[in-house]
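Using my numbering, you'd call the opening residue of the sequence shown number 108 and step up by one each time. Note that beta-carbon positions come from the ideal geometry of N, C-alpha and C, so glycine has one too. Here's the structure, in structure tokens; my notes come after.
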Amino acid sequence: MKRIIAITSWQNRISPVFDTAQKLLIFELNEKSEISRREEMIDFNVPFQKIHALVRSGAKTLICGAITEQIESQIEEAGIKVLSFICGDISSVMQAYLAGKDIKTEFAMPGCKNQRCHRRRGRFMYLNY
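Structure, rendered in structure tokens:
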């Protein structure tokens with residue numbers, strides 16, 4: 108089964124902020140490996156244009172760094188799962204993702220480390236466990 112995921116890209120790392128990201132890497136995957144990848148420019152000033160480009164890409168999952176709540180909600184309403192507040196080298200994140208690891212824990216952005224970020228009533232709640 109093929110699946111398509113998008114990752115915001117900046118210097119071979121996950122772009123720190125989706126809202127200002129300029130590139131998407133689009134990966135076509137099978138169950139355990141990458142089939143192909145392509146790069147798309149998303150250097151639009153209007154957030155709606157970034158969301159539209161993401162939808163056009165065919166991606167069903169977005170992996171990104173920080174993202175504003177409103178944009179994340181709009182992406183999810185478009186049927187795309189968002190794995191946000193992720194940081195790190197794209198190849199390392201992809202290896203972990205393909206291996207089925209929890210990238211939200213392993214590659215959490217600073218400030219989310221040692222904490223779980225939960226979304227509740229439209230706000231992120233940081234809870235220590």
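Selected residue, minimal CA-CA separation from residue i, among the options
i: Ser164; options: Cys219, Pro217 and Ile112; result: Ile112
i: Ser254; options: Gln202, Phe214 and Asp209; result: An answer regarding residue 254 cannot be provided, because it is not within the stretch 108 to 236 covered by the chain.
i: Ala173; options: Val189, Ile158 and Ala160; result: Val189
i: Leu132; options: Met148, Leu205 and Ser180; result: Met148
i: Ser198; options: Trp117, Arg110, Lys109 and Met108; result: Trp117
i: Ile158; options: Thr127, Ile121 and Arg110; result: Thr127
i: Leu170; options: Tyr204, Met108 and Glu146; result: The question names Leu, yet the displayed sequence has Ile at residue 170. It is Tyr204 whose Cα lies nearest to the Cα of Ile170.
i: Lys109; options: Ile121, Lys167 and Lys211; result: Lys167
i: Ser119; options: Ile210, Ala206, Val200 and Lys208; result: This sequence places Asn at residue 119; Ser is not what is there. The shortest C-alpha separation from Asn119 is found at Val200.
Residue i classed as buried or exposed, judged by whether at least 16 other C-beta atoms fall within 10 angstroms
i: Thr115; result: buried
i: Phe125; result: buried
i: Phe151; result: exposed
i: Ser191; result: buried
i: Glu213; result: exposed
i: Ala215; result: buried
i: Ala185; result: exposed
i: Arg227; result: The pLDDT assigned to Arg227 is 36, lower than 50, so where the model puts this residue is not dependable; a value taken from the coordinates is nonetheless given after this. Exposed.
i: Glu179; result: buried
Range of the contiguous alpha helix (DSSP H) that encloses residue i
i: Ile210; result: Ile210 to Glu213
Continuous beta strand (DSSP E) stretch holding residue i: start and end
i: Thr115; result: Arg110 to Trp117
i: Glu135; result: Lys130 to Leu136
i: Ile142; result: Glu141 to Met148
Considering only residues of the region 156 to 204, which uninterrupted beta strand (DSSP E) runs meet the minimum length of 3 residues and lie entirely inside it, listed in chain order?
Qualifying beta strand (DSSP E) stretches, in chain order: 168 to 170 and 188 to 190.
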